[in-house]
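Start counting the sequence shown at 4; every next residue gets the next number (our numbering).
Comments concern the structure below.
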Amino acid sequence: MVAQVLVELTNKKVDKTFDYLVPENLKDTLRVGVRVLVPFGRNTLEGFVLNLTSSSEREDLKEILEIVDQEIVLNDELLSLGKYLKSVTLATLISCYQVMLPKALRAKNTHHLAVKYQKVISLADKDIDISPFKGSQAEIIKRLQEKGEVLKSELADISASSVKTLLKKGILVEKEVEEYRLQSEVELKEKYPLTEEQQIVVDKVLSYEGFKPYLLHGVTGSGKTEVYMEIIEAMLKKGKKSIVLVPEISLTPQIVKRFRSRFGKNVAILHSRLSEGEKYDEWRKIARGEIDIVIGARSAIFAPLTNIGAIIIDEEHTASYHQENNPRYDAIDVALYRGKIHNCPVILGSATPTLESYARAQKGVYQLLNLPHRVQERSLPTITIVDLKDAHKSSNFYFSDVLLEKIKDRLDKDEQILLLLNRRGYASFLSCSNCGEVIKCPHCDISLTYHKSSNTLRCHYCGYGTKKVNVCPTCHQESMKSIGLGTERLEEELKKLFPTTSIVRMDYDTTSRKGSHEKIIEDFAQGKYQILLGTQMIAKGLDFPKVTLVGVINADTGLNIPDFRSSENTFQLLDQVAGRSGRGEKPGEVVLQTFNPDHYAIRYTKTHDYLGFYQEEMKIRKMLKYSPFYYMTLIKVASSDEGLALNEIQKIYRSLSRNLKESILLGPTPSGLFRVNNTFYYQIIIKYKKEDNLYPTLEKVLDYYASNSKVRVTIDFNARSFI
Ligand code: ADP
Ligand code: ZN
């Protein structure tokens, strides 16, 4: 027997299977989809068995050394899913399989994460006569007769020595079972009766059997999560399983809690903040069919569930559903692909769908479902726009009088406040007030951000850090001033203004420790703080009923980014953060501070008018021939040699313009992030409606550079960001 093995090298040149002989002792256990160790050149590598055949064209085959796992890692569906991913992203097949698996299962190295075991005790004879036993021995036997099996550690509470004695006598037996690392208890809660609007949506989805994609456009607080849970429960009753994708980390704690309080332990969680061990355990639970519901971030879309009844993507507009390195896939595409295979509904939910998704819904590619009102007749928050050009006359530089007044009012009433500033650090940059010099990252094309608590200047692209300077490196005057406001500074200013108020900050810097993020959310929910301030981390999905005021310190931070989606991203962020206000019984308010009060992204936010924004933005996209009117593929060339990068992108441009007759090419241009970590980036954007030559042409480009170590070429077929 011969096994075709895909080895772990991610080089495009070896992205194919190699034949190995299956030795006699492995013949019975070796199956397609398991991991094996094989000799490769002078090394031993891991690989996946993709196929078993009776013979090979080659002679002198080497033998498989050993099987790594007892269980199949890639089932039939994942095997074909990997091939699909490769075909749409042009990434290597091995990278497509690796992205589907927790690190502990990736064919990568031979150091494997240990499975944890715990000891379980049971009776050798369940009907044993208890009368000869006394005291703790009798108690132990009684407990086991009631419960069947018990953890050894639990019996230690009665008497560890009695357990030992009974084990010795053969009255008790001990065995080892796998222990899963992530355990948590939650209280089950009664569910809400659905509102009429919610019920209509649920009925529509459940009335159709088979694959169908839906776009659930529901305003913030309309009870989308409740709808998801109802659909999942209906599927459970049919014996079917579900996947729920949530944006990375920020949403997970609250949403997981809601699902756990409805479905108990029948929920597995997969997101990047879990330890590798926890991820491995959750994955095994899923693969063994012990769990019916999986909640997780992007890569949870690959959860090895069989018999899927519903796939849900919450906050579908979230950019992190697209992976920014190879394989550059979109979780929504994968969801649709799996939905077809499992013949089930795929539900994309958002208050602010991407233009692409909403356009598809308008064309009938997705069925549109609407939740236009908040539950329980709660109203959407009132939004006040403050023009920062006038506000500079006010008493405080960062807070307009309007915002300050409303903050004071809420503090008096013991209500909660959310403040958004989408920029972390203390000051955006340091600049010399004498000569104008700005301190930049030595490795990147960006100014360094000042962080006061560590007294450092840090690069938010490459992580470079250095001590803060007071003397200008150019004119040698002691005249460095910090310019621009970050969350760290905002916190300091707030504490000066409101010295007795409890304030908490949530951004990348305050949430780097595991669990810190959950703790801030939990503490704020319990009322330990009155003000939560933070970056866009606080904008999405969080549900704090006591928040009645949301303040946006500077609504313009995203508008100046040179990306054609900057207006859309701004509208989404503002509408989402506004949606955190007034979710409980008391109505909410929002104050948006901006230098661009007339910008349409801001105007439509004020009236909660998604459709108005959509129509205006679509006109612009049509005029400029952007997505969703054209597909847009992004090619980047990266090299530490600037001249070489430019040379190669020009070569690629010539090849593309020769081969792609139906496309519009933008570029080549230096990328918006031109230099990061001493690497230079150039790019071309290909715009097309239909281009049969696209994949073959780009495949050739990738092949051409496959073994070039000086330049790296990347292709993204549906990039969310073009800078
Ligand atoms: P969305 O995800 O659309 O922003 P949520 O599902 O978070 O909305 O619901 C908003 C709030 O309303 C939550 O606190 C939720 O518990 C509550 N809620 C949802 N549906 C109902 C209902 N039918 N009756 C009462 N409260 C509800
Ligand atoms: Zn840098």
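Note that CB positions come from ideal geometry on N, CA and C, so glycine has one too.
In terms of Cβ geometry, Lys703 and Glu665 do not form a close pair [threshold 8 Å]. Secondary structure note for Phe262: its alpha helix (DSSP H) is the uninterrupted segment 255–266. Ala159 and Val166 have their C-alpha atoms roughly 8 Å apart. Pairing Gly537 with Arg492 gives a Cβ-Cβ distance that is not under 8 Å. Three or more Cβ pairs closer than 8 Å define a contact, and the stretch 670–689 falls short of that threshold against the stretch 601–612. Just measuring C-alpha positions, the residue of Val270, Leu9, Thr20 sitting nearest Gly50 is Leu9. Where Cys99 is concerned, the enclosing alpha helix (DSSP H) starts and stops at 96–103. Ser569 sits in a helix when the DSSP states are folded into three classes. In the displayed model, Tyr332 falls within coil according to three-state DSSP, outside both helix and strand. In this structure, the CA atom of Val41 is about 44 Å from the CA atom of Gly151.
The beta carbon of His345 sits closer than 6 Å to those of Ile311, all from its chain and outside the five residues before and after it, given in chain order. Taking the Cα of Lys411 as reference, the smallest distance to any Cα among Pro502, Met483, Ser382 is reached at Pro502. Taking 7 Å as the cut-off, one finds no heavy atom of the ligand ZN near enough to the beta carbon of Asn310. The residue among Val247, Tyr617, Ala648 with its C-alpha nearest the C-alpha of Thr682 is Ala648. Between Ser275 and Lys484, the alpha-carbon positions lie close to 38 Å from each other.
Taking Ser642 as the centre and dropping the five residues before and after it, the same chain places the C-beta of Ala648, Glu651, Thr682, Phe683, Lys713, Val714, Arg715 closer than 8 Å to its C-beta, in chain order. In this structure, the straight-line span from the alpha carbon of Thr13 to that of Ser710 is close to 12 Å. When only Cα atoms are considered, Asp72 and Lys106 end up about 14 Å apart. Taking the CA atoms as reference points, Leu406 sits about 15 Å from Lys416. Along the stretch 423–475, the beta strand (DSSP E) occurs as fully enclosed runs of 3 or more residues at 432–435, 452–454, 459–461, 468–470, listed in sequence order. DSSP, read as helix, strand or coil, puts Asn54 in strand.
According to the DSSP assignment, Pro699 belongs to the alpha helix (DSSP H) that extends over 697–708. A check of alpha carbon separations from Leu421 across Val550, Val102, Thr636 identifies Val550 as the nearest. Note on geometry: alpha-carbon atoms of Gly342 and Lys30 lie some 35 Å from one another. For Met238, there is no enclosing beta strand (DSSP E); the residue is part of the alpha helix (DSSP H) that begins and ends at 227–240. CA-to-CA, the gap between Leu433 and Cys475 works out to about 10 Å. Residue pairing of Phe683 in beta bridges, as defined by DSSP: Ser642, Arg678. Each of Cys444, His446, Cys447, Cys462, Tyr464, Cys465, Tyr467 has a C-beta closer than 5 Å to some heavy atom of the ligand ZN; these make up the full list, in chain order. By the criterion of a C-beta distance shorter than 6 Å, Lys589 is surrounded in its chain by Thr551, once the five residues flanking it on both sides are discounted.
If you check the CB distance, Ile258 and Thr228 come in under 8 Å.
Taking Thr469 as the centre and dropping the five residues before and after it, the same chain places the C-beta of Thr459, Leu460 closer than 7 Å to its C-beta, in chain order. Under the three-state reduction of DSSP, Tyr634 is assigned to strand.
Here Met626 is exposed, its C-beta having fewer than 16 other C-beta atoms within 10 Å. Closest option to Ile524, judged by alpha-carbon separation, among Thr47, Phe547, Tyr511: Phe547. In terms of side-chain proximity, the C-beta atom of Leu197 is found nearer than 7 Å to a non-hydrogen atom of the ligand ADP.
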